[in-house]
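**Q** Its first residue numbered 12, the sequence shown is counted upward by one per residue in the working numbering. Backbone N, C-alpha and C define an ideal beta-carbon position, used for all residues, glycine too.
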Amino acid sequence: MVGRSLKLYVFDKQMEQNLRSEIHRAEKSLRDDMATLRSEITQAHTDVLKRQHNLSTELLRLD
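(1) Can you list, in chain order, the residues of its chain whose CB lies under 6 Å from that of S67, leaving out five sequence neighbours each side?
(2) Kindly indicate the opening and closing residues of the alpha helix (DSSP H) around D58.
(3) Taking the alpha-carbon positions, what's the E38 to V21 distance?
In structure tokens:
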């Protein structure tokens, strides 16, 4: 009975470690995705500001 309990304990610990590793990989992937999104949002915002400036400049020239 002790042998079976020890096997279950070891199996449980291995599963726990596997889950921790999977969570760690998922968290890293999520952080990487969030960093990419932040960069894309910043670039899109910069593009919008440039377009607004160009339109304002164009409107001033038309006046």
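**A** Inspection of the coordinates gives the following:
(1) Reading the sequence shown from its first residue, position 56 is the one you call residue 67. Closer than 6 Å at Cβ, skipping near neighbours: no residue.
(2) Here the question's residue 58 lines up with position 47 in the sequence shown. Counting along the chain, D58 sits inside the alpha helix (DSSP H) bounded by residues V13 to L73.
(3) What you label residue 38 is simply residue 27 of the sequence shown in a count that begins at 1. What you label residue 21 is simply residue 10 of the sequence shown in a count that begins at 1. Going by the C-alpha atoms only, they are around 26 Å apart.
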